[in-house]
Amino acid sequence: MSRLLGLVQSALLLAFAATALLDRSPNLFSDPFLTVVGQIVALAGVVLIFVAINTMGKAVQVDAAPKEGAGLVTRGVYARLRHPIYTGIAVVIFGFVLRGITRAGLIVGVVALVYLWFKSRYEEKLLAARYPEYEAYRKSTLF
Numbered sequence: 005m006s007r008l009l010g011l012v013q014s015a016l017l018l019a020f021a022a023t024a025l026l027d028r029s030p031n032l033f034s035d036p037f038l039t040v041v042g043q044i045v046a047l048a049g050v051v052l053i054f055v056a057i058n059t060m061g062k063a064v065q066v067d068a069a070p071k072e073g074a075g076l077v078t079r080g081v082y083a084r085l086r087h088p089i090y091t092g093i094a095v096v097i098f099g100f101v102l103r104g105i106t107r108a109g110l111i112v113g114v115v116a117l118v119y120l121w122f123k124s125r126y127e128e129k130l131l132a133a134r135y136p137e138y139e140a141y142r143k144s145t146l147f
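Numbering-wise (our numbering), the sequence shown opens with residue 5 and increments by one.
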């Protein structure tokens, strides 16, 4: 199940990237100022993703289950956010929406965000089962 959830996540994010970057349909709106703001927001999301991956180190994986032999990461950006990679993905998607997006891109982006929310809930159950300290960590952090 964990592997399947990771594969679905990868497929959804690939579908979003494809629609956001390759779909030549008309954008739902176009505003030069929002285009620049959206690019900055998306870049901030990418930076957050890279910082989170770097902080997690060898414990990072796409599967929902915690990686075997890895401890609970609570330092760096994880000291404030339980899911900084998902948060970064959400920020990137929001940035692409701001810069102008097609109907298909918006739909795939929303589906990806809803999926990540449900996947994060499942991951939290797995983390709580593996790490006794997870509940205290969960209460001390944001999403």
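Using N, Cα and C, we set each Cβ at its ideal position, and we do this for glycine too. Predicted, not measured: the structure shown is a model, and the values here were computed from it.
Quick one: give me the first and last residue of the alpha helix (DSSP H) that residue i is part of.
i           : result
residue 42  : 36-60
residue 148 : Examination of residue 148 is not possible in this model, given that the chain is present from 5 through 147 alone.
Do residue i and residue j have their C-beta atoms within less than 7 Å of each other?
i          : j           : result
residue 34 : residue 106 : no
residue 92 : residue 23  : no
Consult DSSP for residue i and reduce its assignment to one of helix, strand or coil.
i           : result
residue 146 : strand
residue 85  : strand
residue 29  : coil
residue 79  : coil
residue 95  : helix
residue 66  : coil
residue 74  : coil
residue 10  : helix
Roughly how many angstroms separate the alpha carbons of residue i and residue j, rounded to a whole number?
i           : j           : result
residue 118 : residue 126 : 13 Å
residue 112 : residue 19  : 7 Å
residue 99  : residue 48  : 9 Å
residue 57  : residue 89  : 7 Å
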